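There are 2 protein chains.
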Amino acid sequence: MPIKEGIRTGGRSARVQESVHAAVRALLQEQDRSTLTVPQVAARAGVTPSTIYRRWGELVALLADVALERLRPDTAPADTGSLRGDLLAWAEQYLDEMSSDVGRNMMRDVISSACPGYCTRILRSQLQVILARAERRGEALPDLDRLLDLLVAPTVFRILFAEAPPSLEQLHGLVDLALA
Amino acid sequence: MPIKEGIRTGGRSARVQESVHAAVRALLQEQDRSTLTVPQVAARAGVTPSTIYRRWGELVALLADVALERLRPDTAPADTGSLRGDLLAWAEQYLDEMSSDVGRNMMRDVISSACPGYCTRILRSQLQVILARAERRGEALPDLDRLLDLLVAPTVFRILFAEAPPSLEQLHGLVDLALA
């Protein structure tokens, strides 16, 4: 079931979400995710299980929602004064976060949930900040899809499927290729 | 636990593997993967659970092993007479297989297992067949890592994380970029 993003408008609904998310985060610190159940989360959050089923449909969608909440970065990408510098700084931080155990688990939860496109929407909004800044500086702009295909995709693919995540040198090569 | 590839040398060990794999495939047709247990697989395969634990370590590693067995293609990539044609044909078949539910589940199992690099080794050997053929024709050759980064990675990334898998037009664009 797709996650209902539209609901996050404050009020009772926002309080329920915050309390359920907090319950999941707390329980995940105490036990393995494979043993987590909806009734457990509901009890900790002080809501009924049916509230959770109605809103998230199934546990995996709730776990993905919590993971995506963490994915959403707190701060705007660093402003280094150039497009290439901004992309390098962003890509290094992204690689660092996603190649950690927390990052891999996040990606696994997201893949297991049926919320296609949520991740790439977050990534697009981040990269758009960088591109808008470059435009104000008068720099030539690559296409946003090109950045996803040539910079983000190889980074994620290597983290999930290759012998090792990309090295910093390889990451810089990807940035240069995306800008070429 | 990493999958012990080295063991596949025929004899008793190969027969155990084949029987356990067949049991997993049969059970997955009858029930959801989330309800599968090691004792169930053992009973169906006619081996003891400890045989499975000793060899695969945990259920997720066994599921990944079965998935990877399916990933390994039965046939060499089609010979269309040119590198570009071979890559297009290969990429279209790969997209078709991986964007199916079976393909997505395979990737999920592989990500959940700790056998880094196994997938990319299979992909490399496939692409190497295509490159060796192109070399015999005297064509200019792209780097194998470039094909993984610019053709395979965006295809997999879009299947797993974007709103939709790449269109055929986008896939052809990726082949052209990898060959540029």
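First to last, the protein sequences are chains C and E.
Be aware that the first sequence starts at 3, since it is given in my numbering, and climbs by one per residue.
Be aware that the second sequence starts at 3, since it is given in my numbering, and climbs by one per residue.
Quick reminder that beta carbons are idealized off the backbone N, C-alpha and C, glycines included.
What you are looking at is a predicted structure, and each value in this text was computed from that prediction instead of being measured.
Extent of the continuous alpha helix (DSSP H) run through residue i
i	result
E/Arg123	Tyr120 to Arg138
E/Pro41	Val40 to Ala47
C/Arg160	Ala155 to Phe163
E/Thr53	Pro51 to Trp58
C/Arg35	Note, C/Arg35: premise wrong, no alpha helix (DSSP H); not H, not E.
E/Ala93	Leu85 to Met100
C/Ala180	Leu170 to Leu181
E/Leu146	Leu146 to Leu149
C/Arg74	It is not in any alpha helix (DSSP H) - C/Arg74 carries neither H nor E in the DSSP assignment.
C/Asp111	Asp103 to Ser114
Cβ of residue i within 8 angstroms of any chain C Cβ
i	result
E/Ile132	no
E/Arg110	yes
E/Ile113	yes
E/Gly48	no
E/Gly105	no
E/Gly87	no
E/Ala63	no
E/Gly59	no
E/Ala164	yes
E/Pro4	Low per-residue confidence applies at E/Pro4: pLDDT is 42, beneath 50, and the placement is therefore not dependable enough to give any value.
E/Glu7	Unreliable placement is indicated for E/Glu7, whose pLDDT of 44 sits below 50; the coordinate value is still reported in the next sentence. Cβ-Cβ to chain C under 8 angstroms: no for E/Glu7.
Cβ of residue i within 8 angstroms of any chain E Cβ
i	result
C/Gly13	no
C/Leu181	no
C/Leu176	yes
C/Gly119	yes
C/Thr122	yes
C/Arg10	Since pLDDT at C/Arg10 reaches only 46, below the 50 mark, its modelled position is unreliable, and the value read off the structure follows with that caveat. Judged by the 8 angstroms Cβ criterion, C/Arg10 is not in contact with chain E.
Neighbour-count burial assignment, residue i, 16 or more Cβ in a 10 Å radius
i	result
E/Gly105	buried
C/Pro168	buried
C/Ala182	exposed
E/Ala66	buried
E/Ala63	buried
C/Thr2	No answer is possible for residue 2 of chain C: it lies beyond the span of chain C, which begins at 3 and ends at 182.
E/Met155	Inspection of the sequence shows that residue 155 of chain E is occupied by Ala rather than by Met. So E/Ala155 counts as buried.
E/Leu183	Outside the displayed range of chain E (3 to 182) lies residue 183 of chain E, so it cannot be described from this structure.
E/Thr50	exposed
C/Asp103	exposed
C/Gln33	exposed
C/Asp98	exposed
C/Asp81	exposed
E/Gln19	buried
E/Pro41	exposed
C/Thr157	buried
C/Asp88	buried
E/Arg17	exposed
C/Leu170	exposed
E/Asp111	buried
C/Arg10	With a pLDDT of 46 at C/Arg10, under the threshold of 50, the predicted position of this residue should be treated as unreliable, and no value is reported.
Check: What residues in the region 136-157 of chain C bring their beta carbon closer than 8 angstroms to a beta carbon of chain E?
Finding: Those residues of the region 136-157 of chain C that come within reach of chain E (Cβ to Cβ, closer than 8 angstroms) are Leu150, Asp151, Leu152, Val154, Ala155 and Pro156.
Notebook entry, point to check: Any residues in the region 27-40 of chain E with a beta carbon nearer than 9 angstroms to a beta carbon of chain C? Which ones, in chain order?
Noted result: none
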